[in-house]
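The listed protein sequences derive, respectively, from chains A and B.
Note that our numbering numbers the first sequence so that position 183 is 181, with each residue one more than the last.
Add 29 to a position in the second sequence, counting from 1, and you land on the number used in our numbering.
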Amino acid sequence: MIGRVAAYLAAMAAGCGIGIGTALGMAGLLPGSSTLDFGDVDVAGWHSDFAIGSEAADPYTRLRVARHGLLALAKSEAVYFTRSLDDDGAPLRETCRYRIGGGAMPAAWWSVTLYNSDSMLPDNTDNAMSIDAEWAGPGRWAATIQPRRPELIAPTRPAVVNGWISSRNAGTFDLTLRLYAPDAAVLSDPQSVLDPPTVQRVDCEE
Amino acid sequence: MRRWFGPLAVLLVCAAGGHSLTLWLGPAVIMDRAMEALAQRGVALHAFTTPQRITPQTQSVVRSSPDLFYALCRYDLHDPGMTLAVRIAAWPDYQSLSFFDARTDNFATIRAVSKTAAVRLLPPGSAPEEGAIVSPTAKGVILIRRLAPSGEQFDAAVAASADDRCQIAP
């Protein structure tokens, strides 16, 4: 009799564990899962789920966003694209140097921000957490992602000062592209109207 | 063999139940904890709290943008007679007033570039009214975002926030 009760208790515990574990796993919340780098919209390696922030989000998206994107706006106000891989498909990491570049984007304002694997700004005091439309201006732009401030050795100040996003203390990280007040076409046909930034790996320290 | 049918059935039922409950309750639990954390960090109930500029040292919500001014107001409209008067002051650049319920849904957003906007928030189940939004849940968070990428712009956004309002209406 005791053995029978123990079998039922063990089945209950195992069942609950499996149920909770599979829910967290399918929502991408188990350790090692990428944060918000998911979704059915893929534009040149940047991923988004336009249901973020809305009641239309499926329960897995809702749980994932609650953990990694709490208080995100619905798509009519802002869309969020995330990528955790460089242009060659390798994970973004602090020990590498990257070149990120692009142009104007179809929104009232945009920014690219670096977050660590806990979806937080990395713990440093470099004051180089993001780049944005105001800094980039209307034309082409380029910036460096690396853990140390880029050295500028030139006899005169260059006409265009490249930007810098610090990856110091970021470990393995991702980038979030925010498009505020996006053009309607971004929502209807993002692949055609959005030319998101490229992220090229320059070199790595081993 | 048949002696294992019962425990196996219990395992499957518990797995399905645990899976569904995690998905159903997870967002609300995370939101509840976030609201508790915000309260502990001084975010007021029924008032906008003037924020610190977002840095790695001051961040309290995942994926906060360092380029934005955020002002938060927690609300609790459990009393059916309560309404909340909300106003966003004018700001020359992008700004929005967004409403999030206890299940993390962004159920309303008002964009108010270069102008003020005001709205009343009503408890769940209220009849729709002109100039009012009905909250799907009694508790939630209201968030003002203002574009303020520099320290000077952030200071100006703080000054503008003196005219923001989030208070129980008579």
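Think of the CB as a built atom: it goes at the ideal place given N, C-alpha and C, for glycine as much as any other residue.
Given the structure is predicted, the values throughout are model-derived calculations rather than measurements.
Query                                                                                                                              : Result
Amino acids of chain A, ordered along the chain, whose beta-carbon sits closer than 9 Å to that of I59/B                           : L61, A64, R65 and L68
Exposure label - E92/A; buried when at least 16 CB within 10 Å                                                                     : buried
Backbone CA spacing between Y99/B and E159/B [nearest angstrom]                                                                    : 27 Å
Enclosing alpha helix (DSSP H) for F34/B [first to last residue]                                                                   : F34 to Q69
Interface residues of chain B facing S165/A [CB-CB closer than 8 Å]                                                                : Under the 8 Å cutoff, chain B gives no residues; its nearest Cβ is about 12 Å from S165/A.
Integer-rounded CB distance, given that S164/A should sit under 8 Å from D201/A                                                    : That belief does not hold up - the Cβ atoms of D201/A and S164/A are roughly 17 Å apart, past 8 Å.
Range of the contiguous beta strand (DSSP E) that encloses R270/A                                                                  : Given that chain A is displayed from residue -1 to residue 204, the structure contains no residue 270/A and the question cannot be resolved.
Beta carbon proximity, Y58/A to chain E, threshold 9 Å                                                                             : The displayed structure is made up of protein chains A and B, and chain E is not among them.
Inter-residue Cα distance where the pair is L177/A and M10/A                                                                       : 46 Å
Straight-line gap, F183/B to I18/A (C-alpha atoms, nearest Å)                                                                      : 42 Å
Closer than 8 Å at the beta carbon, the chain B residues around M10/A                                                              : V39, L40 and C43
Cβ of V72/B within 9 Å of any chain A Cβ                                                                                           : no
Closer than 9 Å to chain A by CB, P36/B                                                                                            : yes
Inter-stretch contact (C-beta, 8 Å, three-pair minimum) for the segment 80 to 96 of chain B and the segment 125 to 140 of chain B  : no
Inter-residue spacing [alpha-carbon to alpha-carbon] between A66/B and T166/B                                                      : 19 Å
Continuous alpha helix (DSSP H) stretch holding W133/A: start and end                                                              : A131 to A134
Stretch-stretch touch, CB-based, cutoff 8 Å, three pairs: the segment 147 to 156 of chain B with the segment 102 to 121 of chain B : yes
Residue burial classification, T157/B (beta-carbon count within 10 angstroms, cutoff 16)                                           : Note that residue 157/B is Pro in the sequence shown here, rather than Thr. Looking at its Cβ environment, which holds fewer than 16 other Cβ atoms inside 10 Å, P157/B is exposed.
Buried or exposed by the 16-neighbour rule on C-beta atoms within 10 Å, applied to D193/B                                          : buried
Near-chain B residues of the segment 111 to 123 of chain A - C-beta to any C-beta below 8 Å                                        : T111, Y113, D116, S117, M118, L119, P120, D121, N122 and T123
Residues of its chain near S186/A, where Cβ-Cβ distance is below 7 Å and the 5 sequence neighbours each way are ignored            : none
Closest by C-alpha distance to S117/A, when choosing among I98/A, V3/A, H45/A and L68/A                                            : L68/A
Whether Q88/B touches L119/A by CB criterion (9 Å)                                                                                 : yes
Helix, strand or coil at F48/A according to DSSP, with G and I counted as helix                                                    : coil
Contact list for R224/B against chain A, beta-carbon separation under 8 Å                                                          : One cannot answer for residue 224/B here, as it falls past the ends of chain B, which runs 30 to 199.
Where the segment 126 to 150 of chain A meets chain B: residues whose CB sits under 8 Å from a CB there                            : M127, S128, D130, E132 and W133
R140/B - DSSP class collapsed to helix/strand/coil                                                                                 : strand
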